[in-house]
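Colleague: In this note's numbering, the protein residues as written are 104 to 476. Don't be surprised by glycine CBs; every beta carbon is placed ideally from N, CA and C. Below is a structure I'd like to ask you about.
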């Protein structure tokens, strides 16, 4: 998505909206994207590893798919910032272990399917070490990064003023629920039933800005017992959005706005934009019908973000249920998918150049410093 197109402002030194937005994005890059200049970390192998590193069959295919779905910089970001902090179990390249985790998330394949690369027990241990042993730390990191790396209130206001339809230039955010098919032994089937999917599922509230960047997600809950409005009330919106933000919501949230405002002193009804509700026995006027049609079309942008999320990360595509052992692991994987999608799209939006060291992971036999094959 392009940044705000050219428009002149008055004053002695007029600044276009695109100039102002680029300036804000530059400040965001300087503050939160320093990893672009990081070198690959040094990771010492534990004394329990065998001295020789085993080759992973078809690792070239894994690298090709990961590269095609995500691109150079998002994978570099994952391997250097999130994954590359320790030595993980197994007599394989640690970089390639990280790529296997990405492949698993991108394809949605089962643990058994991962046995084509390394033994199922080895992948299960790797999965456990990353998602469970480091789960709390990673969740906090990803939550912080989603909220800081890709958007600021000033960027949202500038882009809304230029890119939004006239009636919605005050809208900076979208919120909607995303349902994911799951198979989970921790809840009865009836509590998981999603009327949208006609299957068992978890519902997660997702907030995006008008550039399609995912800024925060809620806890994932059983679909039947947690509708959008109930989850909206529980999300503590006052701590997550700026007082000048305005969130576009569909009609399922309207009746809950007063509860959210009552519990958030910094917010008012003006922080939310909804379709006009029909009063009993009173038909909507022509202008009201037109407004609702325009609003529905405008708000559908978040559906495009959902579409890109599931087409990139097949784990959440609902083609087959996600086998969930713990809700925390499911939530962490969903957060990680959102973070990597943001990184991909923000890199493309700002046309961030790839540096030579970013692509080293694509080379055969490359590993973290101190672990070269």
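1) Quick check: the region 452-462 against the region 416-426, are there 3 or more CB pairs under 8 Å?
2) Considering only the alpha carbon of each residue, which of 123, 395, 365 lies closest to residue 379?
3) Look up residue 215 in the DSSP assignment and say whether it is helix, strand or coil.
4) Name the two residues that bound the continuous alpha helix (DSSP H) containing residue 304.
5) If the criterion is Cβ atoms closer than 8 Å, does the pair residue 212 and residue 275 meet it?
6) Can you tell me whether DSSP reads residue 459 as helix, strand or coil?
7) If contact is defined by three or more beta carbon pairs under 8 Å, each pair taking one atom from either stretch, is the region 382-400 in contact with the region 430-446?
8) Please report the residue range of the alpha helix (DSSP H) in which residue 422 lies.
9) Between 139, 250, 186, 267, which lies nearest to residue 400 when the distance is taken from Cα to Cα?
10) Enumerate, from N- to C-terminal direction, the unbroken beta strand (DSSP E) stretches of 3 or more residues contained entirely within the region 338-390.
11) Going by beta-carbon coordinates alone, are residue 283 and residue 305 separated by less than 8 Å?
12) Just how far apart, CA to CA, sit residue 411 and residue 310?
13) If we ignore side chains and look at the alpha-carbon of each, how far apart do residue 430 and residue 423 end up?
14) Nearest by alpha-carbon distance to residue 331: which of 297, 183, 231 is it?
15) Buried or exposed: which applies to residue 224, given that a residue is buried once 16 or more other Cβ atoms fall within 10 Å of its Cβ?
16) Which of helix, strand or coil does DSSP assign to residue 206?
17) Can you tell me the Cα-Cα spacing of residue 119 and residue 255, whole angstroms?
18) Within 8 Å, do at least three Cβ pairs link the region 228-248 to the region 186-194?
19) Assess, as a yes-or-no matter, whether the region 201-219 is touched by the region 173-184 under the definition of 3 or more beta carbon pairs within less than 8 Å.
20) Taking only the alpha-carbon atoms, compute the straight-line gap between residue 156 and residue 322 and give it to the nearest angstrom.
21) Among the candidates 451, 447, 470, whose CA atom is the shortest distance from the CA of residue 178?
22) Based on the DSSP secondary-structure assignment, which residues constitute the bridge partners of residue 324?
23) Straight-line CA distance for residue 286 to residue 232?
24) With a 10 Å radius around its C-beta and 16 neighbouring C-beta atoms as the bar for buried, classify residue 480 as buried or exposed.
25) Could you pull out every residue in the same chain whose Cβ sits closer than 8 Å to the Cβ of residue 329, ignoring the five residues on either side in sequence?
26) Residues in the same chain with beta-carbon distance under 7 Å from residue 171, minus the five sequence neighbours each way, listed in chain order, please.
27) Is the CB-CB distance between residue 258 and residue 124 below 8 Å?
Modeller: So, from the data block:
1) Taking 8 Å as the limit for Cβ pairs, the verdict is that the region 416-426 does not touch the region 452-462.
2) Locating residue 379 in the chain shown gives position 276, counting from the first residue. Ranking the options by Cα distance to residue 379, first place goes to 395.
3) Mapped onto the chain shown, residue 215 falls at position 112. DSSP places residue 215 in coil when its eight states are reduced to three.
4) Locating residue 304 in the chain shown gives position 201, where the first residue counts as 1. Run containing residue 304: none in the alpha helix (DSSP H); it sits in the beta strand (DSSP E), 302-312.
5) On the chain shown, residue 212 is found 109 positions in, with the first residue counted as 1. On the chain shown, residue 275 is found 172 positions in, with the first residue counted as 1. Going by C-beta atoms, residue 212 is not nearer than 8 Å to residue 275.
6) Locating residue 459 in the chain shown gives position 356, where the first residue counts as 1. Three-state result, residue 459: helix.
7) As far as the Cβ criterion goes, the region 430-446 does not touch the region 382-400, which means the pair count is below three.
8) Locating residue 422 in the chain shown gives position 319, counting from the first residue. Taken as a continuous stretch (DSSP letters only), residue 422 belongs to no alpha helix (DSSP H), as it is neither H nor E.
9) Counted from its first residue, the chain shown places residue 400 at position 297. Measuring from the Cα of residue 400, the nearest candidate turns out to be 267.
10) none
11) Within the chain shown, residue 283 is the residue found at index 180, counting from 1. Within the chain shown, residue 305 is the residue found at index 202, counting from 1. Yes, they are a contact pair.
12) On the chain shown, residue 411 is found 308 positions in, with the first residue counted as 1. On the chain shown, residue 310 is found 207 positions in, with the first residue counted as 1. Residue 411 and residue 310 have their alpha carbons spaced roughly 15 Å apart.
13) Position 327 of the chain shown, counting from 1, holds the residue named residue 430. Position 320 of the chain shown, counting from 1, holds the residue named residue 423. Cα to Cα, residue 430 sits roughly 17 Å from residue 423.
14) In the chain shown, residue 331 corresponds to position 228, counting from 1. Among 297, 183, 231, the Cα nearest to that of residue 331 is on 297.
15) As a position in the chain shown, residue 224 is number 121, starting the count at 1. Its Cβ having fewer than 16 others within 10 Å, residue 224 is exposed.
16) Position 103 of the chain shown, counted from the start, is the residue given in the question as residue 206. Note: residue 206 maps to helix in three-state DSSP.
17) In the chain shown, residue 119 corresponds to position 16, counting from 1. In the chain shown, residue 255 corresponds to position 152, counting from 1. Rounded to whole angstroms, residue 119 to residue 255 spans 18 Å at the Cα level.
18) Verdict: yes, contact present.
19) yes
20) Position 53 of the chain shown, counting from 1, holds the residue named residue 156. Position 219 of the chain shown, counting from 1, holds the residue named residue 322. The straight-line gap from Cα to Cα measures roughly 39 Å.
21) Residue 178 sits at position 75 when you count from the first residue of the chain shown. Of the candidates 451, 447, 470, the one whose C-alpha sits nearest the C-alpha of residue 178 is 447.
22) Working through the chain shown from its first residue, we reach residue 324 at position 221. Answer is 306, bridged to residue 324.
23) Here residue 286 refers to the residue found at position 183 when the chain shown is read from its first residue. Here residue 232 refers to the residue found at position 129 when the chain shown is read from its first residue. Cα to Cα, the separation comes out at about 22 Å.
24) With the chain running from 104 to 476 in the structure shown, residue 480 is simply not present.
25) For the purposes of this step, residue 329 is taken as the residue at position 226 of the chain shown. Answer for residue 329: 306, listed in chain order.
26) Counting from one through the chain shown, the residue named residue 171 turns up at place 68. Once the five neighbours on either side are set aside, residue 171 has no close Cβ partner at all.
27) For the purposes of this step, residue 258 is taken as residue 155 along the chain shown, with counting starting at 1. For the purposes of this step, residue 124 is taken as residue 21 along the chain shown, with counting starting at 1. Their beta carbons are under 8 Å apart, which means residue 258 touches residue 124 by this criterion.
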